[in-house]
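Scroll down for the structure; my scribbles are underneath it.
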Amino acid sequence: MHTIVHMMRHGEVHNPDGILYGRLPGFHLSDAGRAQARKVAESLADHDITAVFASPLQRAQETATPIAAAHDLPIFTNDELIEADNIFEGLKVSVGDGALRKPRHWPKLRDPFTPSWGEPYIQLAHRMLAAANKARDTARGHEAICVSHQLPVYTLRRFLEGQRLWHDPRRRQCSLASLTSLIYDDDALVDIIYSEPAGSSDPLVTGA
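Sequence positions in the sequence shown follow our numbering and run 2 to 209.
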């Protein structure tokens, strides 16, 4: 039985202050983000989508909305799709400014492999795998969408491809509103296909 689970990153977020918003409430899609979500919905209009899941965060729910509407489906909220926890949440963390320039924060950066500043990569990979498996089981023989966030989606991909989970964030292949599509034959993962229906974006954009 052939099943596809599309792990989708949400669209661009309205973030004029350029902070790391993480799991903070109240961060919604920008006008560009809503356009990206609509573009992906249009690209999937002819697909056999029978289930739509989304992170509980507002930006993911808004990204899922046009896709669910196009297929006359409800959005199922799955907490396993939520953004990774991060102790720098609410701060500016861009290279060259913000929290990372302050010595009091440097001890929090001591371990990039776990990492020391947030949710362990292996824990993140396992919960995202659980979300993917749930979507696969719900949409067997069809397609499902799971709207999540950059780091969770990319960590799952690295885990499934057998790569080390720690990585350079500047090299993440997970643009805004991109799809990382998991292809299954029955329960066996046979391929991973990455696509950018809404176009490419910088992996370090603060609105991501």
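Beta carbons: idealized from backbone N, C-alpha and C, even for Gly. A quick note: this is a predicted structure, and the numbers were derived from the prediction, not measured.
Candidates the options, of which the one nearest residue i by Cα
i, options, result
"Ser149", "Ser182, Pro17, Ala33", "Ser182"
"Ala55", "Phe160, Asp86, Lys135", "Lys135"
"Tyr22", "Ile50, Leu92, Pro153", "Leu92"
"His72", "Asp47, Asp86, Ala140", "Asp47"
"Arg165", "Ala42, His143, Ile76, Ile123", "Ile123"
"Pro67", "Pro75, Asp49, Ala42, Gly27", "Ala42"
"Phe114", "Pro17, Leu180, Ser179, His168", "His168"
Distance between beta carbons of residue j and residue i, contact taken as under 8 Å
i, j, result
"Pro198", "Cys175", "Not really, about 13 Å apart at Cβ, beyond 8 Å."
"Ser202", "Leu177", "4 Å"
"Ala69", "Val94", "Not really, about 32 Å apart at Cβ, beyond 8 Å."
"Ala38", "Ile146", "Incorrect: roughly 11 Å between the Cβ atoms, too far for contact."
"His3", "His15", "38 Å between Cβ atoms; not a contact."
"Ile193", "Leu161", "6 Å"
For residue j and residue i, the rounded distance between their alpha carbons
i, j, result
"Val191", "Arg158", "13 Å"
"Gly200", "Trp118", "30 Å"
"Asp112", "Pro170", "15 Å"
"Val6", "Asn79", "14 Å"
"Met9", "Gly163", "20 Å"
"Leu74", "Ile88", "35 Å"
"Glu13", "Thr139", "28 Å"
"Ser44", "Gly27", "28 Å"
"Arg35", "Ala133", "24 Å"
"Gly19", "Asp187", "43 Å"
"Pro17", "Ala189", "43 Å"
"His11", "Asp32", "13 Å"
"Leu180", "Arg137", "15 Å"
"Pro268", "Leu110", "No answer is possible for residue 268: it lies beyond the span of the chain, which begins at 2 and ends at 209."
"Gly57", "Arg141", "First, the amino acid is wrong: residue 57 is Pro here, not Gly. Using only the alpha carbons, I get a separation of about 23 Å."
Contact under 8 Å by Cβ, residue i with residue j
i, j, result
"Ala131", "Glu81", "yes"
"Arg173", "Tyr185", "no"
"Leu25", "Glu120", "no"
"His143", "Ile50", "yes"
contact_flag[the segment 61-68, the segment 123-132] where n(CB pairs < 8 Å) is 3 or more: no
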